[in-house]
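Visitor:
There are 2 protein chains.
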Amino acid sequence: MEIRQRIGWNLRRLRAGREITQEDFATDSGFDRGYISGVERGVRNPSILVLERIATALGVDVVELLDARKANEFAEQRRGGM
Amino acid sequence: MEIRQRIGWNLRRLRAGREITQEDFATDSGFDRGYISGVERGVRNPSILVLERIATALGVDVVELLDARKANEFAEQRRGGM
DNA sequence: ATGTGACTAAAAGTCCGTG
DNA sequence: ACACGGACTTTTAGTCACA
Numbered sequence: 001m002e003i004r005q006r007i008g009w010n011l012r013r014l015r016a017g018r019e020i021t022q023e024d025f026a027t028d029s030g031f032d033r034g035y036i037s038g039v040e041r042g043v044r045n046p047s048i049l050v051l052e053r054i055a056t057a058l059g060v061d062v063v064e065l066l067d068a069r070k071a072n073e074f075a076e077q078r079r080g081g082m
Numbered sequence: 001m002e003i004r005q006r007i008g009w010n011l012r013r014l015r016a017g018r019e020i021t022q023e024d025f026a027t028d029s030g031f032d033r034g035y036i037s038g039v040e041r042g043v044r045n046p047s048i049l050v051l052e053r054i055a056t057a058l059g060v061d062v063v064e065l066l067d068a069r070k071a072n073e074f075a076e077q078r079r080g081g082m
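Protein chains in written order, with UniProt numbering: chain A, 1 to 82; chain B, 1 to 82.
1) Please tell me whether residue 45 of chain A has its Cβ less than 8 Å away from any Cβ of chain B.
2) For chain B, is any of its Cβ atoms less than 8 Å away from the one on residue 60 of chain A?
3) Given that residue 52 of chain A touches chain B, what residues does it touch there, using C-beta distances under 8 Å?
4) Residue 66 of chain A and residue 6 of chain A: beta carbons closer than 8 Å?
5) Can you check whether the CB of residue 57 of chain A is closer than 8 Å to the CB of residue 9 of chain A?
6) If we count the other Cβ atoms within 10 Å of its Cβ and call it buried at 16 or more, is residue 82 of chain A buried or exposed?
7) Assuming residue 40 of chain B is part of the alpha helix (DSSP H), what are its boundary residues?
8) For the alpha helix (DSSP H) that residue 27 of chain A lies in, which residues bound it at each end?
9) Can you tell me where the alpha helix (DSSP H) with residue 62 of chain A in it begins and where it stops?
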C-alpha cells in the first residue's frame, strides 16, 4: 500500500474511532475540511509538520499514522463492507 | 526534540553508519546535496514522499527516521563529543 | 457529511556558488 | 566534506464552490 494511503486510512481509522466528522476534525486541527478529505483519500502529500499537527490533534504519535498493519486491517474492513 | 531534528539526527545516524558522504547520499537518493544538508540540520520540512525516498535510499522503513529514542541517543553522543 | 477540481500564496526542492 | 546563501522552478498548503 502506498504511503499516502497508509496515512489516509490511519487518519480515517483514528478519526472515525472518535466518532468525529471530517468537518469537526478540520476545525479541531485548524485545517480545511477539503484538505483533510484529500489526506484521507491519499491524494495529498503532507509535510512532516502537517502530519505532526494532525497526530497531535488526534492525540497520538506521528508513527501511529504510518502503521502499515493497522491501515491495512482498517482498509480491509471498510472495503469488505464493514 | 522537534520532529524535524528527530528526522535529521536519524538520517545523519543512518547515513554516517554506512560511512557515506552527504554528497554520495544525495546522488543515491536523487536529491540536492544542499537539501540533504538542510534535512539533517532540521531546517527543512520534507513531505512524506520525500521521507519515503530517503528511507528507501537508506534501506529502512520511514518509521526508522522518526524514532525519537535513537535520534536522542545519537544526538547525545555527538554533542558529548563522541 | 464527504469527494472533487480549480485556484493563489507559500514552501519545498534545485542549481549555482562561497567559506 | 559540510554549512550556508541567493535566485530560480516545482510542489505543497490552504481555501472555496459545487456536486
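Heads up, the beta-carbon is just placed ideally off N, CA and C, and yes, glycines get one too.
Guide: Well, looking at it:
1) The beta carbon of residue 45 of chain A sits closer than 8 Å to some beta carbon of chain B.
2) Taking Cβ atoms only, chain B never reaches closer than 8 Å to residue 60 of chain A, which makes this a no.
3) What residue 52 of chain A touches in chain B: 3.
4) Contact: yes.
5) Their beta carbons are not under 8 Å apart, which means residue 9 of chain A does not touch residue 57 of chain A by this criterion.
6) Bear in mind that the predicted position of residue 82 of chain A carries a pLDDT of just 47, short of 50, making it too unreliable to give a figure here.
7) Its alpha helix (DSSP H) spans residues 33-41.
8) Start and end: 22-29.
9) Looking at the DSSP string, the run of the alpha helix (DSSP H) that includes residue 62 of chain A is 62-65.
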